[in-house]
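In our numbering, the protein residues as written are 281 to 575. One structure is given here, and the rest of the page talks about it.
What follows is the structure, encoded as structure tokens:
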């Protein structure tokens with residue numbers, strides 16, 4: 281041994297794993313001392329994390345390549361604090377693959393840097409953030425987000441069309457669940473057409489009772505619309521993304537997969553407050569994607 285203190289691969293793995301269990305660096309050192317009798321500084325813990333992240337770079341690339349070939353992806357993003365600045369943590373995942381990316385951009389610049397959507401040809405499930413629609417793949421909306429808005433319009437604003445649309449979407453969801461349980465790959469095309477026609481009839485009723493705000497004479501610029509009007513316009517514009525789960529039973533009704541994959545990042549922020557550096561955030565994210573994929 282050339283140095284007075286040496287750490288083998290098992291100790292190194294334990295250190296990195298403890299930080300992936302969201303222990304801050306100082307508490308990780310305390311656990312090592314109390315349980316294993318190993319004295320280690322926070323700087324050494326940080327060095328072991330960076331070493332692990334560097335070793336996992338080829339694995340992260342393999343995960344990315346597998347995600348590009350996937351039939352259906354889940355995508356989402358959430359804000360994170362890095363050195364007291366606002367960044368965005370992006371996740372692209374399936375039930376067996378997870379890849380994270382930290383970026384100052386929430387939009388197209390980040391998605392281009394991730395490098396999946398520009399060449400992806402499958403179906404992307406997301407929450408209707410506009411940047412996702414800039415890419416040519418097929419899109420599916422997270423309809424749990426839509427249900428929340430419909431519940432608000434129905435219960436707080438008394439919109440009957442919103443209550444009807446909520447019930448209709450839940451009936452669609454039940455039909456797709458039953459079909460999957462029966463081992464079906466698709467719903468009957470005529471059944472799908474009936475569901476879609478019913479959806480559009482409810483939108484028509486919503487349009488009838490929710491007129492668009494008009495600008496007074498001489499007013500310039502875009503006129504602010506009500507939340508109900510904006511919701512109707514979004515559902516009309518992206519109706520194919522709404523119907524996607526109905527037409528392809530591989531597509532989930534919600535985007536819970538991506539939200540679950542981001543949840544631990546939010547817990548990490550609650551525990552530690554922020555990442556100390558961008559390199560640290562990137563290292564944590566790469567290791568997190570590796571652990572999630574293995575699990």
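Don't be surprised by glycine CBs; every beta carbon is placed ideally from N, CA and C.
| Check | Outcome |
| --- | --- |
| Give the range of the alpha helix (DSSP H) segment to which residue 409 is assigned. | Counting along the chain, residue 409 falls outside any alpha helix (DSSP H), and DSSP gives it neither H nor E. |
| How about residue 521 and residue 421: are their beta carbons less than 8 Å apart? | yes |
| Using the C-alpha atoms, what's the distance from residue 540 back to residue 329? | 23 Å |
| Distance, Cα to Cα, residue 529 vs residue 536? | 16 Å |
| Is residue 560 helix, strand or coil by DSSP? | helix |
| Roughly how far, in whole angstroms, is the beta-carbon of residue 327 from the beta-carbon of residue 569, given that I think they are within contact range, below 8 Å? | That belief does not hold up - the Cβ atoms of residue 327 and residue 569 are roughly 20 Å apart, past 8 Å. |
| Is the separation between the beta-carbon of residue 347 and that of residue 325 shorter than 8 Å? | no |
| Which ranges does the alpha helix (DSSP H) cover as unbroken runs of at least 4 residues, wholly within the stretch 300 to 339, from first to last along the chain? | 305 to 311, 322 to 335 |
| Alpha carbon to alpha carbon, how far is residue 518 from residue 552? | 39 Å |
| What separation, rounded to the nearest whole angstrom, lies between the Cα atoms of residue 504 and residue 438? | 21 Å |
| By alpha-carbon positions, which one of 400, 367, 449, 493 ends up nearest to residue 386? | 367 |
| For residue 547, name the three-state secondary structure that DSSP assigns. | helix |
| Whose CA, out of 558, 337, 312, 571, lies closest to the CA of residue 290? | 312 |
| Quick check: the Cα distance between residue 392 and residue 508, rounded to an integer number of angstroms? | 32 Å |
| Beta carbon of residue 561, beta carbon of residue 382: below 8 Å? | yes |
| If you compare alpha carbons, which of 378, 436, 342 is closest to residue 545? | 378 |
| Starting from residue 420, trace the beta strand (DSSP E) in both directions and tell me its first and last residue. | 418 to 421 |
| Going by other Cβ atoms of all chains shown within 10 Å of its Cβ, with 16 needed for buried, is residue 538 buried or exposed? | buried |
| Got a sec, what are the start and stop residues for the alpha helix (DSSP H) residue 365 sits in? | Per DSSP, residue 365 belongs to no alpha helix (DSSP H); it is in the beta strand (DSSP E), 365 to 373. |
| What residues in its chain sit with their C-beta under 8 Å from that of residue 412, if we drop five residues either side in the sequence? | 355, 391, 397, 404, 406, 419 |
| Does the separation of the CB atoms of residue 402 and residue 350 fall below 8 Å? | yes |
| Just checking, does the stretch 470 to 483 make contact with the stretch 447 to 462 on the three C-beta pairs under 8 Å criterion? | yes |
| Looking only at its own chain, which residues have a Cβ that is under 7 Å from the Cβ of residue 542, when we skip the five neighbours before and after it? | 356, 358, 369, 371 |
| Can you list, in chain order, the stretches of the alpha helix (DSSP H) that have 4 or more residues and sit fully within the stretch 468 to 500? | 469 to 489 |
| I need the straight-line Cα distance from residue 532 to residue 467, nearest angstrom please. | 14 Å |
| Could you compute how far the alpha carbon of residue 342 sits from the alpha carbon of residue 575? | 16 Å |
| May I have the straight-line CA-CA distance separating residue 426 from residue 515, to the nearest angstrom? | 9 Å |
| Return the chain-ordered list of same chain residues with a C-beta closer than 8 Å to the C-beta of residue 353, the five sequence neighbours on each side being excluded. | 347, 372, 373, 374, 396, 400, 402, 403, 404, 405 |
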